[in-house]
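Reviewing the structure listed below.
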Amino acid sequence: MAELTVTDLYLDYGTGASANAILKGVSMELQRGEVVALLGPSGSGKTTLLRAVAGLESPKAGKIQIGERQVFDGERKLEMAAEHRNLGLVFQSYALWPHKTVADNVGYGLKLRKMGSSEIAERVKKVLSQLGLGHLGERFPHQLSGGQQQRVAIARALVYNPPVILLDEPLSNLDAKLREEARAFLRDLIVRLGLSALMVTHDQGEAMAISDKILLLNNGKIEQQGTPQSMYQTPDSLFTAEFMGSNNRVAGKVLQRNGERVTFDLDGITVAGTARGSNVGADITAMIRLEQVRISQVETSNAIRLPLSTCMYLGDRWECLFHRGGVAESGMRAYSPQRLVPGDYWLQLPEESLWVF
Ligand SMILES: Nc1ncnc2c1ncn2[C@@H]1O[C@H](COP(=O)(O)OP(=O)(O)O)[C@@H](O)[C@H]1O
Ligand SMILES: [Mg+2]
Numbered sequence: 046m047a048e049l050t051v052t053d054l055y056l057d058y059g060t061g062a063s064a065n066a067i068l069k070g071v072s073m074e075l076q077r078g079e080v081v082a083l084l085g086p087s088g089s090g091k092t093t094l095l096r097a098v099a100g101l102e103s104p105k106a107g108k109i110q111i112g113e114r115q116v117f118d119g120e121r122k123l124e125m126a127a128e129h130r131n132l133g134l135v136f137q138s139y140a141l142w143p144h145k146t147v148a149d150n151v152g153y154g155l156k157l158r159k160m161g162s163s164e165i166a167e168r169v170k171k172v173l174s175q176l177g178l179g180h181l182g183e184r185f186p187h188q189l190s191g192g193q194q195q196r197v198a199i200a201r202a203l204v205y206n207p208p209v210i211l212l213d214e215p216l217s218n219l220d221a222k223l224r225e226e227a228r229a230f231l232r233d234l235i236v237r238l239g240l241s242a243l244m245v246t247h248d249q250g251e252a253m254a255i256s257d258k259i260l261l262l263n264n265g266k267i268e269q270q271g272t273p274q275s276m277y278q279t280p281d282s283l284f285t286a287e288f289m290g291s292n293n294r295v296a297g298k299v300l301q302r303n304g305e306r307v308t309f310d311l312d313g314i315t316v317a318g319t320a321r322g323s324n325v326g327a328d329i330t331a332m333i334r335l336e337q338v339r340i341s342q343v344e345t346s347n348a349i350r351l352p353l354s355t356c357m358y359l360g361d362r363w364e365c366l367f368h369r370g371g372v373a374e375s376g377m378r379a380y381s382p383q384r385l386v387p388g389d390y391w392l393q394l395p396e397e398s399l400w401v402f
C-alpha cells in the first residue's frame, strides 16, 4: 500500500511576474516499509518537495495523499494544515530545545497534544531505548555528541508513531566517519521498526546505501527513479549516469551505429561503446565509471594509450590519472590495486561499460 502519493505537483516561490517555478510536475509514491531517497544537486527542489509534503509550503497544483487521506488537492482547493498531517519531521539542524532535557525534548510534542504524563513517560522511554539513548534521558543537548543529538531529533519524530517520517539531510551535520556509522544505524532502525521514510540527500553514496528507491531530481523535475542498482547500472540519461558515480567523460564523433553498438572516434582511435538514452546523434558524450576501466601494460582491444600522470593512495587501492598533458585535457582516471610505475598504459574501455549518450 502507498503511504504517500504525490501526483503532478507544481510549486512556485513568489507570485505574478516574479514567480519562480521550483517544482515542475513531480509524481512519486512511497510504499509501506520503504525508504525513498530524494536525491539531486543543490537547488534542485528536494527540500521544497519535502516541505510541501509536510504542509510547510503551498503548492500551486497537483495532489498529495498520505495513506488514505488527501492532504492537498490543487483543484479542490484542499490544503490540510501541517499539524494535522501527522508526519515525523527530522531537519538538518536538529532544532533541539537547549534548555530541555533529552526526555523533555522528545516528549514535548505529546505534552502539547495533552497526552497524560505517564503515557508520555512510557512512550519516551520506549523510543529512547529503540534509539540506544535509554541512559541519556536526563542530559541536556549540549552534553551530547553530534551523533547522539541527531538520534534525539529522530526520536522526537518517531515518538508520535507517524506513518511516514520525512528527513532532510539528517546526516550532513556529522563528520565523515560518524556519518557512515549513523547511516548504517539509520538504515537498520528503519528496517527494524518497519518505518516508511522519505529522506533528502545530495550524496549519491548515502542515497544508494540507505534507500530502496531513489528519486533523482533535476531542476524541479524527476530525471529518473528506480532502485539504487538500476540507477547506478542502467541510467537513462547522461545526467543520471554522471550523478550516480565516479566517471570519466569524453566527447567523440559517431562513425557507425548498429543497434545499441556505437563505434566512435576518440582522439583518432576507433572505439566501440553501448548506446544509452534515446537521442544519440553524431556528436556524442561517452562515459565510463572509474571502476570499469582496465589498466594494461600491453596493447589491448577497445583501448586508448596514455601516459601515467599521477597515482593517489586511497587506502584500499590507488586512483591513477592518465593524460597527455595540456591544461584543457582532463584525461582518464582508473583504479589500480598497486601504485604504478611511470610510463604509457593501455586503458581498456569495455564496450558494455562505455556508455554513449
Ligand atoms: N523560501 C524561498 N523563497 C524563494 N526561493 C526559494 C525559497 N526556498 C528555496 N528557494 C529556491 O528554490 C530552489 C530549490 O530549493 P530547495 O528545495 O531548497 O533545493 P534543494 O533542497 O534541492 O537544495 C532554489 O533555487 C532555491 O533558491
Ligand atoms: Mg535542501
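The opening residue of the sequence shown carries number 46 in my numbering; numbering runs sequentially from there.
Where is the CB? At the ideal position from N, CA and C, for every residue including glycine.
Every value quoted in this text rests on a predicted model; they were computed, and no experiment measured them.
Check                                                                                                              : Outcome
For E344 and G388, the rounded distance between their alpha carbons                                                : 13 Å
Distance, S162 Cα to T272 Cα                                                                                       : 43 Å
Q269 to H180 span [Cα, whole Å]                                                                                    : 43 Å
Residues surrounding ligand 1 [beta-carbon distance to nearest heavy atom under 5 Å]                               : Y58, I67, S87, G88, S89, G90, K91, T92 and T93
8 Å contact criterion, which I109 and A97 should meet: CB distance rounded                                         : 7 Å
Best match in N293, G177 and A106 for proximity to S375 [C-alpha to C-alpha]                                       : N293
Status (buried if at least 16 other CB within 10 Å, exposed otherwise) for G221                                    : Note that residue 221 corresponds to Ala in the displayed sequence, not to Gly. Counting Cβ neighbours within 10 Å, A221 comes out exposed, since fewer than 16 surround it.
DSSP state of Y153 mapped onto helix, strand, coil                                                                 : helix
R306 - partner residues in DSSP beta bridges                                                                       : N303 and T319
Helix, strand or coil at M377 according to DSSP, with G and I counted as helix                                     : strand
Those residues which DSSP pairs with D328 across a bridge                                                          : K298
Cα-Cα separation between Q193 and R130, rounded to whole angstroms                                                 : 27 Å
Three-way DSSP call (helix, strand, coil) for E102 in this model                                                   : coil
Reduced DSSP secondary structure (H/G/I, E/B, other) of A140                                                       : coil
Bridge partner(s) assigned by DSSP for N65                                                                         : Y58
In chain order, each beta strand (DSSP E) run of at least 3 residues that lies wholly inside the region 226 to 310 : 241 to 246, 258 to 263, 266 to 271 and 292 to 303
Contact set for E102: own chain, Cβ-Cβ below 7 Å, skip 5 residues either direction                                 : L56, T93 and R96
Residues near T315 by beta carbon distance below 7 Å, same chain, minus five either side                           : L300 and T308
Among D328, L385 and R302, nearest to T319 - alpha-carbon criterion                                                : R302
7 Å Cβ shell around A227 - same chain, five flanking residues per side excluded                                    : G192, Q195, L216 and L219
Contacting residues, own chain, Cβ-Cβ under 7 Å from L366 (five flanking each side not counted)                    : S354, T355, G376 and R378
A18 and V135 closer than 7 Å at C-beta                                                                             : What is shown of the chain runs 46 to 402, which leaves residue 18 out entirely.
Residue(s) in a DSSP beta bridge with V406                                                                         : Nothing in the structure corresponds to residue 406, since the chain is present only between 46 and 402.
Residues sharing a beta bridge with S341, DSSP                                                                     : W391
C-alpha distance - G182 paired with P143, whole-angstrom precision                                                 : 14 Å
Cβ neighbour criterion (16 or more within 10 Å) applied to Y390                                                    : buried
V71 - partner residues in DSSP beta bridges                                                                        : L54
Candidates S381, A327 and M276, of which the one nearest R362 by Cα                                                : S381
E396 to A47 span [Cα, whole Å]                                                                                     : 40 Å
Strand pairing of Q115, partner residues [DSSP]                                                                    : Q110
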